[in-house]
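In this note's numbering, the protein residues as written are 9 to 414. See below for the structure under consideration.
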Ligand code: CTP
């Protein structure tokens, strides 16, 4: 955990039952060599005493925005500048909402707005609050703003229910924070192309063939690589998602357009990750005017689309190629078949029929299959799965390169 050594960390604590775990988190951060300053919201103070945190962090705990004593020492702007990293743990649903809204009505929210340091949150709340549309929306906004979301875990909750919403364990939070500060910036310098979303194959000007892909997994992969320092080109089919903050995004509609966009920009890419659910077939011809319902039956002739991933893997200077295999049965067998047939370096098998996995879900489980082994990732939030996958791909890419070096 050398990344945290000597670093200035602000630990924000908001008012949830998991606040009691924040003392252990502060201690572990100190053990990792960080200088820790604690800021508590008014409701956090109801759950755990500032004195406890003061004893663990070895520093006075701040609870108020305009505290005349504290402001004379280090005002809140100086405090925000002091930080190399800000982590809010536990982060309640209310705090996530205020953070997403850019509020600055207490010390912690003001610090979060005023700091240029990386910001991480470890949410903790009842499972229903975690899955509510408002919380999901706020998380989309926060992630798009570059806030790192750590956890939450699944399990039994203080409210007596079981499900997602438990704050991640302090040891896991410390490991995630070390990853954020890692100077290795794992994928730094890598050029990575990602395809995402569905494709839309027009039948006539108002109709077409598409599929259930939301683009969430592909966007999460693109964002994870960008956050790890890679230069990412995202080629995206039609989705309803905010841009994931990558160097270049090319929006396309059909499989042929995706193929053309990929091949126009593939030269010089180190890694190609095909997450898009590309339509295998398209109508042979596209009507230029809307088809009228004059006939009782209509026959559509479909022709094969080019296989984008296979075509990239077959290039003479092919990048490190990673495919996704969305399956509903015999997942591993079919996925291995794709690894061989398309000559891939890795294939991520995805059982789209399993609950909490695949299309339109916010969570996912992957079995990442290489030539010699396989690694399971998840079940976890798609963003978390993407981050672990990004680290794995980067590692395997480096190993392959080393092995090929004379
Ligand atoms: N893929 C692609 N171009 C296509 C079809 C698929 O680039 N025309 C990529 C997908 O992005 C994914 C992988 O190939 O990474 C596997 O796609 P999938 O549709 O699951 O498999 P197929 O090879 O099309 O086989 P099948 O539909 O028979 O399962």
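Yeah, the Cβ is synthetic: ideal placement off N, Cα and C, and Gly gets one too. Source: prediction; values computed, not measured.
- Could you check if residue 377 is buried or exposed, using at least 16 other CB atoms within 10 Å of its CB as the buried criterion? buried
- Message: Can you find the residues in the same chain that come closer than 6 angstroms, C-beta to C-beta, to residue 290, ignoring five residues on each side of it along the sequence?
- Response: 209 and 313
- Query: Are three or more beta carbon pairs between the stretch 324-336 and the stretch 247-262 nearer than 8 angstroms?
  - Reply: no
- Message: I'd like the list of long-range same chain contacts for residue 163, defined as Cβ closer than 7 angstroms, with 5 residues on each side in sequence excluded.
- Response: 170 and 174
- Task: Would you mind working out which of 84, 188 and 181 sits nearest residue 131, comparing C-alpha positions?
- Result: 181
- Item | residue 363 classed as buried or exposed, judged by whether at least 16 other C-beta atoms fall within 10 angstroms | exposed
- Query: From the DSSP output, which residues share a beta bridge with residue 165?
  - Reply: Answer is none; residue 165 lacks a bridge partner.
- Task: In angstroms with no decimal places, state the Cα-to-Cα distance between residue 333 and residue 339.
- Result: 8 angstroms
- With a Cβ-Cβ cutoff of 8 angstroms, do residue 219 and residue 275 count as a contact? no
- One or two residues paired with residue 289 in a DSSP bridge: 312
- Task: Using alpha carbons as the reference points, say which of 257, 177, 104 and 161 lies closest to residue 201.
- Result: 257
- Message: Let me make sure I understand the geometry here. Which of 133, 95, 126 and 135 has the alpha-carbon closest to that of residue 116?
- Response: 95
- Item | Where residue 134 sits in the DSSP three-state scheme | coil
- Query: On the three-state DSSP scale, how would you describe residue 236?
  - Reply: coil
- Since residue 61 and residue 178 are thought to touch, with beta carbons under 8 angstroms apart, how far apart are those beta carbons, to the nearest angstrom? Contact doesn't hold; Cβ gap of about 13 angstroms is too wide.
- Message: Measuring alpha carbon to alpha carbon, tell me which residue in 23, 25 and 66 is nearest residue 39.
- Response: 66
- Item | Inside the stretch 367-395 only - beta strand (DSSP E) runs reaching at least 3 residues | 371-377 and 382-389
- Straight-line Cα distance separating residue 380 from residue 153: 38 angstroms
- Item | Burial state of residue 417 (16 or more Cβ within 10 Å) | Since the displayed the chain opens at 9 and closes at 414, residue 417 lies outside it and no answer follows.
- Item | 8 angstroms Cβ cutoff met for residue 97 and residue 122 | no
- Message: Which residue wins for smallest C-alpha separation from residue 136, given the options 172, 145 and 196?
- Response: 172
- Item | residue 264 - containing alpha helix (DSSP H), residue span | 263-273
- Task: Ignore the nearest five residues each way along the sequence and tell me which others in residue 155's own chain have a CB closer than 8 angstroms to its CB.
- Result: 107, 127, 128 and 129
- Query: Hey, quick one: how far does the beta strand (DSSP E) through residue 209 stretch, first residue to last?
  - Reply: 209-212
- Which whole-angstrom value describes the C-beta separation of residue 55 and residue 24, a residue pair presumed to lie in contact below a C-beta threshold of 8 angstroms? 7 angstroms
- Query: residue 99: buried (16+ other C-beta within 10 angstroms of its C-beta) or exposed?
  - Reply: buried
- Which class does residue 246 belong to by DSSP, given the choice of helix, strand or coil? coil
- Message: Nearest by alpha-carbon distance to residue 213: which of 242, 299 and 27 is it?
- Response: 299
- Message: Could you tell me the alpha carbon to alpha carbon distance between residue 308 and residue 397, rounded to whole angstroms?
- Response: 39 angstroms
- Message: Considering only their Cβ atoms, is the gap separating residue 245 from residue 305 smaller than 8 angstroms?
- Response: no
- With a CB to CB cut of under 6 angstroms and the five nearest residues on each side skipped, what residues in its chain are close to residue 211? 291
- Item | Limits of the beta strand (DSSP E) - the one that residue 199 falls within | 199-204
- Where residue 370 and residue 224 are concerned, what is the direct C-alpha to C-alpha distance, given to the nearest angstrom? 8 angstroms
- Determine the direct distance from the alpha carbon of residue 31 to that of residue 277, and round the result to whole angstroms. 45 angstroms
- Sort out for me which residues DSSP pairs residue 48 with in a bridge. 21
- Indicate whether residue 203 and residue 226 have their beta-carbon atoms separated by less than 8 angstroms. yes
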